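Novice:
Residue numbers (the UniProt record's numbering): 1 to 698.
#1: Just to confirm the assignment, what range does the beta strand (DSSP E) spanning residue 94 have?
#2: List the endpoints of the continuous beta strand (DSSP E) containing residue 560.
#3: From residue 258 to residue 526, what distance separates their C-alpha atoms?
#4: With three or more beta-carbon pairs closer than 8 Å as the criterion, would you say the segment 264-273 touches the segment 80-92?
#5: Is residue 172 helix, strand or coil by DSSP?
#6: The alpha helix (DSSP H) with residue 374 in it runs from where to where?
#7: Taking contact to mean 3 or more Cβ pairs, one atom from each stretch, closer than 8 Å, check whether the segment 363-378 and the segment 198-210 are in contact.
#8: Check for me: the beta strand (DSSP E) holding residue 431 runs from which residue to which?
#9: According to DSSP, which residues form a beta bridge with residue 501?
#10: Which of the three DSSP states is assigned to residue 550 in this structure?
#11: Just the C-alpha distance for residue 336 and residue 244, rounded to the nearest angstrom, thanks.
#12: Run through the segment 85-124 for me and flag every whole beta strand (DSSP E) of 3 or more residues, listed as ranges in chain order.
#13: On the CB-based measure, 16 or more other CB atoms within 10 Å of its CB, does residue 609 come out buried or exposed?
#14: Are three or more beta carbon pairs between the segment 473-483 and the segment 441-460 nearer than 8 Å?
#15: What's the C-alpha gap between residue 290 and residue 120?
#16: Residue range of the beta strand (DSSP E) that residue 403 falls in?
#17: Does DSSP classify residue 358 as helix, strand or coil?
#18: How many angstroms separate the CA atom of residue 410 from the CA atom of residue 560?
#19: Is DSSP giving residue 305 helix, strand or coil here?
#20: Kindly indicate which three-state DSSP category residue 203 falls into: helix, strand or coil?
#21: In the DSSP assignment, find the unbroken beta strand (DSSP E) run with residue 181 in it and report its ends.
#22: Can you give, in chain order, each stretch of the alpha helix (DSSP H) that sits fully within the segment 420-475 and has at least 4 residues?
#23: Output the boundary residues of the alpha helix (DSSP H) element that contains residue 701.
#24: Since I believe residue 425 is in contact with residue 521 (beta carbons under 8 Å), could you give me their beta-carbon distance rounded to a whole number of angstroms?
#25: Measure from the alpha carbon of residue 364 to the alpha carbon of each residue in 234, 418, 352, 390, then state which is nearest.
#26: Residues in the same chain with beta-carbon distance under 7 Å from residue 565, minus the five sequence neighbours each way, listed in chain order, please.
#27: Provide the residue(s) that pair with residue 478 in DSSP beta bridges, ordered along the chain.
#28: For residue 503, would you say it is in contact with chain B, using Cβ-to-Cβ distances shorter than 8 Å as the test?
#29: Quick one, are the C-beta atoms of residue 110 and residue 169 less than 8 Å apart?
#30: Sort out for me which residues DSSP pairs residue 190 with in a bridge.
#31: How far does the beta strand (DSSP E) with residue 569 in it reach, from first residue to last?
#32: Relative to the C-alpha of residue 558, which residue among 223, 412, 330 is closest?
#33: Using a threshold of 8 Å, state whether the C-beta atoms of residue 384 and residue 282 are closer than that.
#34: Considering only C-alpha positions, which residue in the set 359, 352, 513, 230 is nearest to residue 186?
#35: Would you check if the distance between the CB atom of residue 418 and the CB atom of residue 11 is smaller than 8 Å?
#36: Closest by CA to residue 45, which one among 23, 32, 61?
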């Protein structure tokens, strides 16, 4: 039984103030010069000897009566009190199988997956899911986060949101082309079969009715700032048919979007297809996912699917457990007929889905449009790259007697240093579910040891033996920090709770204020692979999931160590930040030269340097170019010069490695064979034509 070990789990211990302060100082030492560190050391020691013990006393007191001294405050202050958009900033996504496409029929895929989710809920209600054990052991982990997986919605408030959970729900709400449909999940006292759910989904797809006034973009309220949504909910959705329809959404088992676009991995264009797929899952059009529901199941027109999950109620491993079970059930147990439909028969006696009714006044429509504008600005500013690394995986890493997670973390430190030229405060999510109601803790992955390793890797005079030695020291340090975080001896949750106590007592702590305001410019998380045996079913390879950047000038990196030979990465950043977006956005220009973003999320057209192929970096025109929407030609010379100017403003030496002694814009060759750049817009790589020119062979 899932909850059988709950009462026997220990409480999360409160670390000693001096221990936490010392660990904090150790973690920031590589990020500060001597003067900065001495100043911080003075603040820290003053806190440890004066205000810290007083705050600690109250925190100890809470730990005696509360089940967990962190979790309620973490949920409230980190998630529910946030007044900005939860789309991108908090919500995260999960992807489908990478290569496998069980069916191309949208309704059929939705039918099987919805049924598989409901089978999981049935097991959860009956406590038939086995308790999760610490990998490779018999030690149980806390299961409390499963309690609000279904029938739950985040409710906006002016000062703080709340989580509304109902005991049971017998329906879902489905969004398609601007309409909301209520779909009952039971008929004649039993759960609908997959083919019957497919039938209901097909009825929705076949419905050609128009959205009601204000209905199409209604969910944009959940994507924008929380206060306007809270006020609109109170003013326009607290009575009448609007309240009834909103209740149907918020009390649904979960939310489903039948998207009218195609997404997923495409072999002919793997990079951009995965990038567009990730952006579609994390924000979509900003009005076609209900971001307040615990999760939205998204099924695309071509049968591919994904998940968008709200974060306050649970952490990613809990959603990952659901998602892996659902995909395994769908593919290994339910299956499809030869023509792609769900197995079984239709049932014409099942009532058709009910359209939800809305009366959205003009004032509310204005609020919706403002929320949508906020959300679109946020979505357009997010740059997502999702890519599959198959040079090696955990098999080779383990042969080197290294933790795969530690290996990836050190690789990220090296990559980040090469990208930024400096080290940054790094967040890696760990868990504290060894304790009752435990959630997460931070592993500060940027350490003195990791920095020493990175510097050595960048020094060509260093021997491989010394590089290996420092790598092993850094990996061992990372493992030590991870264990401390898992066992309740982390840094950040303790300092966070001390800060909350200081606010309750209305006392100021310069030390805590500074610590809590430090930005996480590299935020990372590993997605666990728990249940699918890829040795038996290699075709069931999945991409894991990802999240948006935590800092405006930072990266969000999610990765899943899939099998012996592959790792999948999801990297996010802000386009508006020139430090993290190499080919920063150019100003909009004449629409004839604009470049459509791959996902076409909002019907907006933008001009970016992606409209120019790699020949542009060499100062050459293209001829017969095969790059998408290439503007590197005489027809668009004005826009081309604008792009050159923007590149030089960002980096005056941007073109020197490419053009050599020639003047910028001096044309050396025209391409007669057609340009076949692997990725339009990457100024780091040279297209095939340039490589030939560079060698003097053309």
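In this text, a Cβ means the ideal position worked out from N, Cα and C, and glycines have one as well.
No experiment lies behind these values; they were computed from the predicted model shown.
Specialist: Short version:
#1: Start at 1 with the first residue of the chain shown, and residue 94 comes out as number 94. Element bounds for residue 94: 92-95.
#2: By 1-based counting over the chain shown, the position of residue 560 is 560. 555-563 is the span of the beta strand (DSSP E), which, as asked, contains residue 560.
#3: Position 258 of the chain shown, counted from the first residue, corresponds to residue 258. Position 526 of the chain shown, counted from the first residue, corresponds to residue 526. Cα to Cα, residue 258 sits roughly 29 Å from residue 526.
#4: With a cut-off of 8 Å, the segment 80-92 and the segment 264-273 do not count as touching, because too few Cβ pairs lie within range.
#5: The residue you call residue 172 lines up with position 172 of the chain shown. Reduced to three states, the DSSP call for residue 172 is strand.
#6: Taking the first residue of the chain shown as position 1, residue 374 is located at position 374. Where residue 374 is concerned, the enclosing alpha helix (DSSP H) starts and stops at 362-380.
#7: No contact exists between the segment 363-378 and the segment 198-210.
#8: Start at 1 with the first residue of the chain shown, and residue 431 comes out as number 431. Start and end: 426-431.
#9: Position 501 of the chain shown holds residue 501. The partner list for residue 501 (beta bridge, DSSP) is empty, contrary to what the question assumes.
#10: Position 550 of the chain shown holds residue 550. If DSSP states are grouped into helix, strand and coil, residue 550 belongs with coil.
#11: The residue you call residue 336 lines up with position 336 of the chain shown. The residue you call residue 244 lines up with position 244 of the chain shown. Approximately 36 Å, taken between the alpha carbons.
#12: 92-95
#13: Along the chain shown, one-based indexing puts residue 609 at 609. With a pLDDT of only 38 at residue 609, under 50, the local geometry of the prediction cannot be trusted, and no value is derived from it.
#14: yes
#15: Position 290 of the chain shown holds residue 290. Position 120 of the chain shown holds residue 120. Approximately 21 Å between the Cα atoms of the pair.
#16: On the chain shown, residue 403 is found 403 positions in, with the first residue counted as 1. Taken as a continuous stretch (DSSP letters only), residue 403 belongs to no beta strand (DSSP E), as it is neither H nor E.
#17: Sequence index remark: in the chain shown, residue 358 carries index 358 (1-based). Three-state DSSP puts residue 358 in coil, outside helix and strand.
#18: The sequence position of residue 410 within the chain shown is 410, counting from 1. The sequence position of residue 560 within the chain shown is 560, counting from 1. Residue 410 and residue 560: Cα-Cα distance of roughly 15 Å.
#19: The residue given as residue 305 occupies position 305 in the chain shown. Reduced to three states, the DSSP call for residue 305 is strand.
#20: Reading the chain shown from its first residue, position 203 is the one you call residue 203. Residue state, collapsed to three classes: helix.
#21: Walking along the chain shown from the start, residue 181 turns up at place 181. That run of the beta strand (DSSP E) goes 179-184.
#22: Fully enclosed alpha helix (DSSP H) runs of 4 or longer: 448-457.
#23: Because the chain is modelled from 1 through 698, residue 701 falls outside the range shown and cannot be assessed.
#24: As a working note, residue 521 is residue 521 in the chain shown. As a working note, residue 425 is residue 425 in the chain shown. Indeed, because the Cβ distance is near 6 Å, the residues count as touching under 8 Å.
#25: The residue you call residue 364 lines up with position 364 of the chain shown. Of 234, 418, 352, 390, the residue nearest in Cα terms is 234.
#26: Reading the chain shown from its first residue, position 565 is the one you call residue 565. Closer than 7 Å at Cβ, skipping near neighbours: 390, 392, 393, 395.
#27: Taking the chain shown and counting its residues from 1, one reaches residue 478 at position 478. None; residue 478 has no bridge partner.
#28: Here chain B cannot be found, since the structure has a single protein chain.
#29: Counted from its first residue, the chain shown places residue 110 at position 110. Counted from its first residue, the chain shown places residue 169 at position 169. Contact check for residue 110 against residue 169 fails: the beta carbons are separated by 8 Å or more.
#30: In the chain shown, counting from the first residue as 1, residue 190 sits at position 190. Beta-bridge pairing links residue 190 to 187.
#31: Your numbering for residue 569 matches position 569 in the chain shown. Here the beta strand (DSSP E) through residue 569 covers 566-574.
#32: Position 558 of the chain shown, counted from the start, is the residue given in the question as residue 558. If we check each option's Cα against that of residue 558, 412 comes out closest.
#33: Residue 384 sits at position 384 when you count from the first residue of the chain shown. Residue 282 sits at position 282 when you count from the first residue of the chain shown. Yes, Cβ-Cβ distance for residue 384 and residue 282 is below 8 Å.
#34: By one-based count along the chain shown, residue 186 stands at place 186. Answer by Cα proximity: 352.
#35: Numbered from 1 along the chain shown, position 418 holds the residue referred to as residue 418. Numbered from 1 along the chain shown, position 11 holds the residue referred to as residue 11. No.
#36: Residue mapping note: residue 45 aligns to position 45 of the chain shown, counting from 1. Residue 23 is the option with its Cα nearest to residue 45.
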